[in-house]
Amino acid sequence: QVQLVESGGGLVQPGGSLRLSCAISGRIFSINVMGWYRQAPGKQRELVAYIGSGGYRNYVDSVKGRFTISRDTAKNTVYLQMNSLKPEDTAVYYCNADDDDSNTYWGQGTQVTVSS
203 QVQLVESGGG LVQPGGSLRL SCAISGRIFS INVMGWYRQA PGKQRELVAY IGSGGYRNYV
263 DSVKGRFTIS RDTAKNTVYL QMNSLKPEDT AVYYCNADDD DSNTYWGQGT QVTVSS
């Protein structure tokens with residue numbers, strides 16, 4: 203089992219920045235890919251960014267150049283640095299992990315609201 207706990211959400215003005223954190227515990231050694239998803243009201247959950255065990259990263263087009271996903275293995279934490287935030291980035295952001303046995307784990311979510 204893997205447990206994920208997100209933090210760092212909040213209210214920010216357009217153009218501002220936030221850093222989300224995802225603390226990982228449990229069978230950390232079994233994790234292959236970590237990612238961040240988001241779900242806005244009335245919309246489907248979408249993948250925002252992911253990072254593989256080898257460090258490969260990918261992003262949805264709408265956040266490229268603005269968001270950065272990173273992983274601190276010493277702290278067992280994955281981050282999502284979000285810069286130049288836009289109102290359309292408003293959503294609940296979820297941390298996600300996939301393990302060696304193709305199990306998928308989710309955090310509880312953290313709200314990000316971009317508004318003036």
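Residues in the sequence shown are numbered from 203 upward in steps of one, following the working numbering.
Cβ coordinates follow ideal geometry from the N, Cα and C atoms, glycine included.
Looking only at C-alpha atoms, which of the options sits nearest to residue i?
i                 : options                        : result
cysteine 297      : Leu222, Ser255, Gly218         : Leu222
aspartate 263     : Val250, Gly256, Gly254, Ser255 : Val250
valine 265        : Ile253, Ser286, Arg273         : Ser286
valine 314        : Leu282, Gly256, Ile233         : Leu282
tryptophan 238    : Asp300, Gly212, Arg229         : Asp300
aspartate 303     : Phe231, Leu220, Gln215         : Phe231
threonine 306     : Tyr261, Ala276, Arg229, Gly210 : Arg229
alanine 276       : Tyr261, Gly210, Ala225, Thr270 : Ala225
phenylalanine 269 : Gly257, Met284, Asn260         : Met284
Sorted by chain position, which residues of the same chain lie with C-beta nearer than 6 Å to residue i's C-beta, five sequence neighbours on each side aside?
i            : result
glycine 267  : none
leucine 213  : Thr315
glycine 211  : Thr312, Gln313, Val314
glycine 218  : Leu287
arginine 259 : Ile253, Ile271
Could you check whether residue j and residue i sit closer than 7 Å to each other, using their CB atoms as the reference points?
i              : j             : result
glutamine 203  : serine 227    : no
threonine 312  : glutamate 208 : yes
asparagine 278 : serine 255    : no
Kindly list the residues whose CB is nearer than 7 Å to the CB of residue i, restricted to its own chain and excluding five residues on each side of it in sequence; keep chain order.
i            : result
arginine 273 : Met236, Ile253, Val280
lysine 288   : Pro216, Val316
serine 318   : Gln215, Pro216
Leaving out five residues before and five after residue i in sequence, what residues of the same chain have Cβ atoms less than 8 Å from its Cβ?
i            : result
tyrosine 261 : Val250, Ala251, Phe269, Ile271
Under 6 Å from any heavy atom of the ligand GTP, does the C-beta of residue i make it?
i            : result
arginine 240 : Among the components modelled here there is no ligand, and therefore nothing to report on the ligand GTP.
* Counting Cβ pairs, one atom from each stretch, are 3 or more of them under 8 Å apart for the stretch 240-248 and the stretch 289-296? -> Taking a cut-off of 8 Å on C-beta distances, the stretch 240-248 touches the stretch 289-296, as three or more cross pairs fall below it.
* To do: Enumerate, from N- to C-terminal direction, the unbroken beta strand (DSSP E) stretches of 3 or more residues contained entirely within the stretch 210-288.
  => Qualifying beta strand (DSSP E) stretches, in chain order: 212-214, 220-228, 233-241, 248-254, 259-261, 269-274, 279-284.
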